[in-house]
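Structure first, then comments.
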Ligand code: KDO
């Protein structure tokens with residue numbers, strides 16, 4: 066018979082280790098079970114970390130942690146680290162991604178009616194953008210997005226007003242002055258058409274390659290709103306900004322219907338509210354930034370010029386009206402957009 070002996074110091078340590086290991090395993094499996102119960106929300110965006118439409122996702126995540134604790138597992142992937150720019154809708158359709166910001170250009174590929182918002186000089190300013198997308202026009206078009214793309218739009222955001230940003234200084238007054246300028250555009254035919262309508266030679270390039278393209282001279286110019294020229298540091302490798310204001314640009318916070326359809330009514334409200342909080346955080350900061358960034362770029366040595374915006378407007382609008390795109394715009398939509406105040 067094994068005699069009953071007092072535990073030695075060694076056996077006490079062994080027992081404590083065993084207990085600790087069991088506790089750790091239990092805690093890990095509890096965490097795992099908890100993570101399983103949470104709805105995963107993988108987000109992919111090309112946005113750089115310092116940009117407002119990258120930071121806004123943390124606003125959404127924090128709000129959800131407060132209003133729906135333990136229910137969502139929000140995973141934010143910036144810099145196109147999960148999916149390359151423009152590949153997000155396909156990833157969502159395949160069930161590999163739950164959320165993103167869609168551009169009008171992404172949507173127009175599958176919902177041609179939406180190409181009206183890829184046209185220059187249609188939306189007048191941020192307030193007009195919000196009135197259009199938060200009103201009946203938005204509702205009608207987001208229904209098409211849900212039907213044709215299986216994505217629910219939770220909130221439109223103001224991405225900013227796109228301006229030209231050139232590697233070298235150039236006298237630009239009208240579209241004719243952009244002749245031969247290799248203007249980088251994101252890689253889809255809707256974007257390239259906008260570049261052409263501006264009078265330039267559009268060159269497709271992903272957002273993540275623009276800084277290097279400007280630095281090495283494979284492109285002469287790019288277009289983006291001023292807050293993004295700052296956050297992506299394009300001002301470091303360019304000498305001029307020309308305020309064409311050619312596109313008052315929106316992005317749309319979208320969630321895959323594969324996920325949206327599984328949420329309870331209460332969860333849907335909480336997710337929508339959190340997305341809207343993110344949108345208003347982005348909008349407030351972007352609008353404030355746009356008001357003061359011209360001064361910043363001048364202080365960095367860039368020349369900031371104002372062209373003949375009317376000449377750009379007339380020429381760009383004429384290009385769109387006689388294009389294939391305008392043929393699929395729903396009858397009367399342009400007039401309704403213009404009449405929205
Ligand atoms: C860009 O590639 O120029 C663009 O501004 C297009 C937008 O639709 C959007 O994809 C944006 O990049 C990214 O979010 C990076 O800011």
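Residue numbers (the working numbering): 66 to 406.
We put the beta carbon where it would ideally sit given N, CA and C, even for glycine.
request  = Drop a sphere of 10 angstroms on the beta-carbon of residue 11, count the other beta-carbons inside from all chains shown, and report buried for 16 or more, exposed for fewer.
outcome  = Outside the shown range of the chain, which is 66 to 406, sits residue 11, and nothing can be said about it.
key: DSSP beta-bridge partners of residue 287   = 230, 249
ask   = Span of the beta strand (DSSP E) holding residue 146?
value = No beta strand (DSSP E) contains residue 146, which DSSP labels as neither H nor E.
task = Rounded to whole angstroms, what's the CA-CA distance from residue 300 to residue 327? Just pull it up for me.
result = Answer to the nearest angstrom: the Cα atoms are 44 Å apart.
Where residue 313 falls: helix, strand or coil (DSSP) = strand
request  = Please look up how many angstroms separate the CB atoms of residue 360 and residue 291, rounded, as I've assumed it's under 8 Å.
outcome  = About 11 Å separates the two Cβ atoms, so there is no contact after all.
ask   = Does the segment 130-146 come within contact of the segment 174-181, defined as at least 3 CB pairs closer than 8 Å?
value = Contact between the segment 130-146 and the segment 174-181 is not established, with fewer than three Cβ pairs separated by less than 8 Å.
query = Since residue 287 contacts residue 370 with CB under 8 Å, what's their CB separation in whole angstroms?
reply = The pair is not a contact, with the Cβ atoms about 16 Å apart (cut-off 8 Å).
inquiry  = Is any non-hydrogen atom of the ligand KDO found closer than 7 Å to the C-beta of residue 292, if you look at the structure I gave you?
reply    = no
request  = May I ask which residues mark the beginning and end of the beta strand (DSSP E) holding residue 243?
outcome  = Run containing residue 243: none; DSSP gives neither H nor E here.
message = Tell me the residue span of the alpha helix (DSSP H) that contains residue 347.
response = 330-364
request  = Determine the extent of the alpha helix (DSSP H) in which residue 124 is found, giving its start and end residues.
outcome  = Start and end: 117-132.
ask   = For the ligand KDO, is there a heavy atom less than 7 Å away from the beta-carbon of residue 116?
value = yes
query = What do you reckon, is the C-beta of residue 308 under 7 Å from a heavy atom of the ligand KDO?
reply = The ligand KDO has no heavy atom closer than 7 Å to the beta-carbon of residue 308.
task = Along the alpha helix (DSSP H) that carries residue 215, what are the first and last residues, could you check?
result = Unbroken run through residue 215: none, as it is neither H nor E.
inquiry  = Rounding to the nearest angstrom, what Cα-Cα distance links residue 238 and residue 132 in this structure?
reply    = 51 Å
task = Taking only heavy atoms of the ligand KDO into account, decide whether any of them is closer than 7 Å to the Cβ of residue 168.
result = yes
message = Please return the same chain residues whose Cβ sits closer than 6 Å to the Cβ of residue 107, not counting the five positions on each side in sequence.
response = 140, 162, 163
task = List in chain order: all unbroken beta strand (DSSP E) runs of 3+ residues lying wholly within the segment 159-186.
result = 164-168
query = Is there contact between the segment 107-119 and the segment 144-156, where contact requires at least three CB pairs shorter than 8 Å?
reply = yes
ask   = CB-CB under 6 Å to residue 324, same chain, minus the five flanking residues each way: which ones, in chain order?
value = Cβ neighbours of residue 324 beyond the five flanking positions: 163.
ask   = Do residue 231 and residue 123 have their CB atoms nearer than 8 Å?
value = no
query = Cβ of residue 345 within 8 Å of Cβ of residue 115?
reply = no
query = If you draw a straight line from the alpha carbon of residue 202 to that of residue 402, how long is it in whole angstroms?
reply = 8 Å
query = Just to check, is the beta-carbon of residue 430 closer than 7 Å to a non-hydrogen atom of the ligand KDO?
reply = An answer regarding residue 430 cannot be provided, because it is not within the stretch 66 to 406 covered by the chain.
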